[in-house]
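Asker: Just passing along the structure, written as structure tokens.
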């Protein structure tokens, strides 16, 4: 017996991009507009084509976690849909193969900075980097996701991140000049000990002595030694 359940009851969804052509914005809204209960969304090689003109947001009222993933070696993960995604309950965001161009592409849209913070409930951000990020990109990441309490970064050197952690924040929506003022956990993987760890350890120690500074712990995969 085959039973078709109503889409309005779906809470978890895995979606794979099956074509190199991005999905038009109007079709994206039509597909996901009927999923009010959706809580966990996994997108693999999934691209959305945004119109040149201004656009309204696609509301995901119940979305708690979003994974933007890369499954095809020839494809790139595409976080463009974050520009149109309105998810007031989003707590966990995972972006695969993140790079400088992705963040720069997001902030060029007026819709991205129309509300700040973009995702007020966001507490966990995980970035798997395709290459090391520039210092300016880390600043944009902090400004866009300043509410996180847990930051995980994989496959990266830490020099630029360490420098950003010790800079005063220029985030207008923050009540303090400390970057990521609510940060409690900093997780890293694919790093070398001690070259990649030492700058980060110094940054955390210095930040913890600043007023209203983060209280962070650091753990890394396949590492030995203590902070």
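Residue numbers (the numbering used here): 48 to 274.
Glycine is no exception: its CB is placed at the ideal position from the N, C-alpha and C atoms.
Bear in mind the structure is a predicted one, so any value in this text is a computation, not a measurement.
1. Under a three-way DSSP split, which group does residue 189 fall into?
2. At which residues does the beta strand (DSSP E) containing residue 200 begin and terminate?
3. Ordered along the chain, which non-local residues of its own chain (more than five positions away) have a Cβ less than 7 Å from that of residue 32?
4. Whose C-alpha, out of 167, 129, 201, is nearest the C-alpha of residue 152?
5. If we ignore side chains and look at the alpha-carbon of each, how far apart do residue 150 and residue 187 end up?
6. State the Cα-Cα distance for the pair residue 110 and residue 161, rounded to the nearest angstrom.
7. Determine the DSSP secondary structure at residue 63, reduced to helix, strand or coil.
8. Please report how far the alpha carbon of residue 268 lies from the alpha carbon of residue 66, in whole angstroms.
9. What is the residue span of the alpha helix (DSSP H) that residue 147 lies within?
10. Who does residue 96 pair with in a DSSP beta bridge?
11. Mark residue 189 as exposed unless 16 or more other C-beta atoms lie within 10 angstroms of its C-beta, in which case mark it buried.
12. Should residue 87 and residue 112 be called a contact, given that it needs their Cβ atoms to be closer than 8 Å?
13. Please classify residue 78: is it buried, with 16 or more other beta-carbons within 10 angstroms of its beta-carbon, or exposed?
14. Assign residue 160 to one of three DSSP states: helix, strand, or coil.
15. Contact check, residue 138 vs residue 176 under 8 Å by CB: the rounded distance?
16. State buried or exposed for residue 71, treating a residue as buried only when at least 16 other CB atoms are found within 10 Å of its CB.
17. Checking 8 Å against the spacing of the C-beta atoms, do residue 172 and residue 140 come in under that value?
18. In terms of residue numbering, what span does the beta strand (DSSP E) encompassing residue 171 cover?
19. Anyone know if the C-beta pair for residue 55 and residue 99 falls short of 8 Å?
20. Tell me the residue span of the beta strand (DSSP E) that contains residue 112.
Answerer: In short:
1. Position 142 of the chain shown holds residue 189. Here residue 189 carries a helix assignment [DSSP, helix/strand/coil].
2. As a first step, residue 200 is located in the chain shown; it is residue number 153 there, counting from the start. Where residue 200 is concerned, the enclosing beta strand (DSSP E) starts and stops at 197 to 201.
3. Since the first and last residues shown for the chain are 48 and 274, residue 32 lies out of range.
4. Here residue 152 refers to the residue found at position 105 when the chain shown is read from its first residue. The residue with the shortest Cα to Cα distance from residue 152 is 129.
5. What you label residue 150 is simply residue 103 of the chain shown in a count that begins at 1. What you label residue 187 is simply residue 140 of the chain shown in a count that begins at 1. Residue 150 and residue 187 have their alpha carbons spaced roughly 7 Å apart.
6. Translated into positions along the chain shown, residue 110 becomes position 63. Translated into positions along the chain shown, residue 161 becomes position 114. Within the model, the alpha-carbon separation for residue 110 versus residue 161 is close to 20 Å.
7. In the chain shown, residue 63 corresponds to position 16, counting from 1. Three-state DSSP puts residue 63 in a strand.
8. For this step, residue 268 is matched to residue 221 along the chain shown. For this step, residue 66 is matched to residue 19 along the chain shown. In this prediction, residue 268 scores a pLDDT of 44, lower than 50, which makes its location untrustworthy; no coordinate-derived value is stated.
9. Within the chain shown, the letter at position 100 stands for residue 147. Per DSSP, residue 147 belongs to the alpha helix (DSSP H) from 147 to 154.
10. If you number the chain shown from 1, residue 96 lands on position 49. Residue 96 is bridged to 71.
11. For the purposes of this step, residue 189 is identified with residue 142 of the chain shown, where counting begins at 1. Buried: at least 16 other Cβ atoms inside 10 Å.
12. Walking along the chain shown from the start, residue 87 turns up at place 40. Walking along the chain shown from the start, residue 112 turns up at place 65. Cβ distance < 8 Å, so residue 87 and residue 112 count as in contact.
13. For the purposes of this step, residue 78 is identified with residue 31 of the chain shown, where counting begins at 1. Here residue 78 is exposed: its Cβ has fewer than 16 other Cβ atoms, across all protein chains shown, within 10 Å.
14. Here residue 160 corresponds to residue number 113 of the chain shown, with the count starting at 1. Residue 160 falls in the helix class under three-state DSSP.
15. Here residue 138 corresponds to residue number 91 of the chain shown, with the count starting at 1. Here residue 176 corresponds to residue number 129 of the chain shown, with the count starting at 1. Not really, about 22 Å apart at Cβ, beyond 8 Å.
16. Taking the first residue of the chain shown as position 1, residue 71 is located at position 24. So residue 71 ends up on the exposed side.
17. Taking the chain shown and counting its residues from 1, the one referred to as residue 172 is at position 125. Taking the chain shown and counting its residues from 1, the one referred to as residue 140 is at position 93. With a cutoff of 8 Å on beta-carbon distance, residue 172 and residue 140 are scored as near each other.
18. As a first step, residue 171 is located in the chain shown; it is residue number 124 there, counting from the start. Per DSSP, residue 171 belongs to the beta strand (DSSP E) from 171 to 176.
19. For the purposes of this step, residue 55 is taken as residue 8 along the chain shown, with counting starting at 1. For the purposes of this step, residue 99 is taken as residue 52 along the chain shown, with counting starting at 1. It is not a contact, given that the beta carbons lie outside the stated cut-off.
20. Within the chain shown, the letter at position 65 stands for residue 112. 112 to 116 is the extent of the beta strand (DSSP E) around residue 112.
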